[in-house]
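Here our numbering is used: the first residue of the sequence shown is 1, the next is one more, and so on. Quick reminder that beta carbons are idealized off the backbone N, C-alpha and C, glycines included. Take a look at the structure below.
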Amino acid sequence: MAPKIISISLVGSLLVSAASSTRFGGSVEPLGLFKRISSSCSSTGQTSCHNTTVQNTCCFESPGGLLLQTQFWDTDPSTGPTDSWTIHGLWPDNCDGTFTEDCDPSRAYTDISGLLTNAGATDTLSFMEENWVDINGNDETFWEHEWSTHGTCMSTLVPDCLADYSTGEEAVAFFETVVGLFKTLPTFTWLSNQGITPSTGKTYTYTELTNALQAESGVVPALNCDGDTLDEIYWYFNLKGSVIDGTFEPIDAPSKGSCPSSKISYPPKSGSTSTTTTSATTTPTSTGGLPAKATITALSSTGSSAGGLLSAGTWSVQTLATYTMSGDVSGFTMKSSKGSCGVSDEMFSCGGDVVGSTFSAISSGGNLLLAFSGSASFTSGSTPSGEAQETVFTGSGRGQDFTLVISST
Ligand SMILES: *[C@@H]1O[C@H](CO)[C@@H](O)[C@H](O)[C@H]1NC(C)=O
Numbered sequence: 001m002a003p004k005i006i007s008i009s010l011v012g013s014l015l016v017s018a019a020s021s022t023r024f025g026g027s028v029e030p031l032g033l034f035k036r037i038s039s040s041c042s043s044t045g046q047t048s049c050h051n052t053t054v055q056n057t058c059c060f061e062s063p064g065g066l067l068l069q070t071q072f073w074d075t076d077p078s079t080g081p082t083d084s085w086t087i088h089g090l091w092p093d094n095c096d097g098t099f100t101e102d103c104d105p106s107r108a109y110t111d112i113s114g115l116l117t118n119a120g121a122t123d124t125l126s127f128m129e130e131n132w133v134d135i136n137g138n139d140e141t142f143w144e145h146e147w148s149t150h151g152t153c154m155s156t157l158v159p160d161c162l163a164d165y166s167t168g169e170e171a172v173a174f175f176e177t178v179v180g181l182f183k184t185l186p187t188f189t190w191l192s193n194q195g196i197t198p199s200t201g202k203t204y205t206y207t208e209l210t211n212a213l214q215a216e217s218g219v220v221p222a223l224n225c226d227g228d229t230l231d232e233i234y235w236y237f238n239l240k241g242s243v244i245d246g247t248f249e250p251i252d253a254p255s256k257g258s259c260p261s262s263k264i265s266y267p268p269k270s271g272s273t274s275t276t277t278t279s280a281t282t283t284p285t286s287t288g289g290l291p292a293k294a295t296i297t298a299l300s301s302t303g304s305s306a307g308g309l310l311s312a313g314t315w316s317v318q319t320l321a322t323y324t325m326s327g328d329v330s331g332f333t334m335k336s337s338k339g340s341c342g343v344s345d346e347m348f349s350c351g352g353d354v355v356g357s358t359f360s361a362i363s364s365g366g367n368l369l370l371a372f373s374g375s376a377s378f379t380s381g382s383t384p385s386g387e388a389q390e391t392v393f394t395g396s397g398r399g400q401d402f403t404l405v406i407s408s409t
């Protein structure tokens with residue numbers, strides 16, 4: 001496949017109207033945890049590409065009001081997690097599908113890693129290192145390209161729009177927004193929930209794939225192929241307010257992607273142990289594969305298993321707690337004897353004062369893995385031993401990365 005720096009021209013039909021009801025809850029406000037600068041714009045004003053009066057482009061994305069969150073499924077060579085698509089970018093297409101690129105060379109920043117680190121956005125950077133990866137390993141160049149090519153064309157990120165502007169902060173906001181939005185679009189999990197997992201033999205029609213994704217997300221994405229191999233997805237949005245902290249409204253793709261209408265293959269990434277046959281042999285099931293009561297064990301990234309979760313949600317090698325699950329693999333809540341389990345500021349915990357989160361479960365290598373926001377990656381400072389309890393965080397890079405295996409009790 002070509003390097004990831006190619007924008008595919010989106011010529012085609014005009015916009016469709018915004019999807020009326022979706023499982024995004026109608027719209028996406030992904031930015032609470034990631035927002036470090038504020039636009040001071042309302043996020044409830046007119047919707048991009050649907051305005052009826054002239055708008056201030058500092059607070060209204062124009063002309064690029066058709067936003068595409070683009071993702072890769074790279075298998076040749078494979079990049080990123082075996083159970084997740086990876087980020088390509090966020091592109092501001094014009095409302096008719098044409099687009100401009102490289103709008104402000106004076107803001108074509110280099111050293112995106114340094115920019116994010118200096119801004120304190122290290123969580124975003126770590127997430128990018130795992131999930132926004134270049135097929136040739138040139139992640140930094142890829143990020144610089146995505147920013148300069150597409151980010152500099154966003155009207156709501158123009159420095160003159162920002163109070164107390166310091167150089168580069170609009171690019172930091174761009175990366176935080178893209179990561180936040182990507183986390184709301186777990187393409188792998190959505191396909192998997194609908195019984196579509198990577199395999200070497202099976203093929204699908206375009207409609208089977210988009211129907212599955214529409215059933216999960218509420219909207220129809222566009223699918224791109226390399227020949228007849230699925231390798232890219234475009235999720236479309238309009239926006240209320242600024243790219244920094246506005247409300248992304250999911251919409252149906254205005255045109256079909258490049259995949260053929262049938263015989264589309266969705267191959268596994270190398271290193272993936274997940275196949276259609278192993279997922280059929282997982283643990284005893286109650287509701288759609290999810291046990292009603294389970295223990296949760298930790299499986300480190302090297303494949304060794306050490307302990308699991310106690311009732312407070314900490315990781316330890318002591319006797320494991322029993323968790324009660326309600327829902328199904330595509331969405332469930334979880335409780336221990338201490339109370340509801342939830343994730344707040346990336347920290348997983350269970351207790352009487354914890355606000356419960358919705359989790360999902362992913363079949364992988366014969367295991368059922370706990371996932372949050374579509375990702376099965378968890379991380380702690382180190383592997384516990386003896387009486388020690390480690391705090392569990394979502395994501396990766398805190399010292400010891402692991403997955404959490406749900407086993408029926
Ligand atoms: C929508 O807002 C943009 C940006 O201000 C403006 O160029 C365009 O004319 C507006 N459309 C309508 C129908 O007012």
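- [ ] Consult DSSP for Gln-400 and reduce its assignment to one of helix, strand or coil.
- [x] Along the sequence shown, read from residue 1 onward, the residue named residue 400 stands at position 400. DSSP places Gln-400 in strand when its eight states are reduced to three.
Task: Local conformation of Lys-263 per DSSP, three classes - done: Locating residue 263 in the sequence shown gives position 263, counting from the first residue. DSSP places Lys-263 outside both helix and strand once states are collapsed to three, so it counts as coil.
Task: Cβ pair count under 8 Å reaching 3, the region 334-351 against the region 312-321 - done: A contact is defined here as three or more CB-CB pairs under 8 Å, and the region 334-351 meets this definition with respect to the region 312-321.
Open item on the list: Run through the DSSP bridge pairs and tell me what Phe-99 is partnered with.
Closed with: On the sequence shown, residue 99 is found 99 positions in, with the first residue counted as 1. Looking at the DSSP output, Phe-99 sits in no beta bridge, so it has no partner there.
Task: Rounded distance between the beta-carbons of Gly-80 and Asn-131, thought under 8 Å - done: Within the sequence shown, the letter at position 131 stands for residue 131. Within the sequence shown, the letter at position 80 stands for residue 80. Contact annotation, Asn-131 with Gly-80: C-beta distance approximately 6 Å; criterion of less than 8 Å satisfied.
Task: Outcome for Ser-274 when other beta-carbon atoms lying within 10 angstroms are tallied against a minimum of 16 - done: The residue given as residue 274 occupies position 274 in the sequence shown. Low local confidence applies: a pLDDT of 44 at Ser-274 is under 50, so the model's placement there is unreliable, and no value is given.
Task: Contacting residues, own chain, Cβ-Cβ under 6 Å from Gln-400 (five flanking each side not counted) - done: On the sequence shown, position 400 is the one that residue 400 refers to. Excluding residues within five positions, the ones whose Cβ falls inside 6 Å are Ser-380, Ser-382 and Thr-383.
Open item on the list: Suppose contacts are defined by Cβ-Cβ distances below 9 Å. Is Lys-240 in contact with Thr-47 by that definition?
Closed with: Locating residue 240 in the sequence shown gives position 240, where the first residue counts as 1. Locating residue 47 in the sequence shown gives position 47, where the first residue counts as 1. Yes, these two residues count as a Cβ contact at 9 Å.
Task: Distance between Glu-208 and Ala-280 (C-alpha atoms, nearest Å) - done: Position 280 of the sequence shown, counted from the start, is the residue given in the question as residue 280. Position 208 of the sequence shown, counted from the start, is the residue given in the question as residue 208. Because Ala-280 sits at a pLDDT of 38, beneath the cut-off of 50, its placement in the model cannot be relied upon, and the point is left open.
Open item on the list: In whole angstroms, give me the CA-to-CA distance for Asp-83 and Leu-369.
Closed with: Sequence index remark: in the sequence shown, residue 83 carries index 83 (1-based). Sequence index remark: in the sequence shown, residue 369 carries index 369 (1-based). A direct Cα-Cα distance of roughly 10 Å separates Asp-83 from Leu-369.
Task: Nearest residue (CA-CA) to Asn-56, options Ser-42, Gln-69, Gln-214 and Ala-119 - done: On the sequence shown, residue 56 is found 56 positions in, with the first residue counted as 1. Closest option to Asn-56, judged by alpha-carbon separation, among Ser-42, Gln-69, Gln-214 and Ala-119: Ser-42.
- [ ] May I ask you to list the residues that DSSP assigns as paired with Tyr-204?
- [x] What you label residue 204 is simply residue 204 of the sequence shown in a count that begins at 1. Note: Tyr-204 sits in a beta bridge opposite Ile-264.
Task: Continuous alpha helix (DSSP H) stretch holding Asp-123: start and end - done: By one-based count along the sequence shown, residue 123 stands at place 123. 122-131 is the extent of the alpha helix (DSSP H) around Asp-123.
Task: Ser-155 versus Met-128 - alpha carbon distance - done: Within the sequence shown, residue 155 is the residue found at index 155, counting from 1. Within the sequence shown, residue 128 is the residue found at index 128, counting from 1. Approximately 24 Å between the Cα atoms of the pair.
Task: Coil, strand or helix - Pro-250 by DSSP - done: By one-based count along the sequence shown, residue 250 stands at place 250. Pro-250: strand per DSSP, three-state reduction.
TODO: Could you please give the first and the last residue of the uninterrupted beta strand (DSSP E) stretch that includes Phe-348?
DONE: Position 348 of the sequence shown holds residue 348. According to the DSSP assignment, Phe-348 belongs to the beta strand (DSSP E) that extends over 347-351.
Task: Contact belief for Trp-235 with Leu-157 at Cβ below 8 Å, rounded distance in angstroms - done: The sequence position of residue 235 within the sequence shown is 235, counting from 1. The sequence position of residue 157 within the sequence shown is 157, counting from 1. About 20 Å separates the two Cβ atoms, so there is no contact after all.
- [ ] Check the C-beta distance from Tyr-323 over to Ala-294 and give it rounded, since I have them as a contact under 8 Å.
- [x] Along the sequence shown, one-based indexing puts residue 323 at 323. Along the sequence shown, one-based indexing puts residue 294 at 294. So it is a contact: roughly 5 Å between Cβ atoms.
- [ ] Express the C-alpha separation of Val-317 and Ser-396 in angstroms, rounding to a whole number.
- [x] Translated into the one-based positions of the sequence shown, residue 396 becomes position 396. Translated into the one-based positions of the sequence shown, residue 317 becomes position 317. Going by C-alpha positions, Ser-396 is about 20 Å away from Val-317.
TODO: Could you tell me the boundaries of the beta strand (DSSP E) in which Val-343 lies?
DONE: On the sequence shown, residue 343 is found 343 positions in, with the first residue counted as 1. That run of the beta strand (DSSP E) goes 339-344.
Task: Same chain, Cβ closer than 8 Å to Asn-94, five either side skipped, listed in chain order - done: The residue labelled residue 94 in the question sits at position 94 within the sequence shown. Result list for Asn-94: Pro-63, Gly-64, Gly-65, Leu-66 and Thr-100, in chain order.
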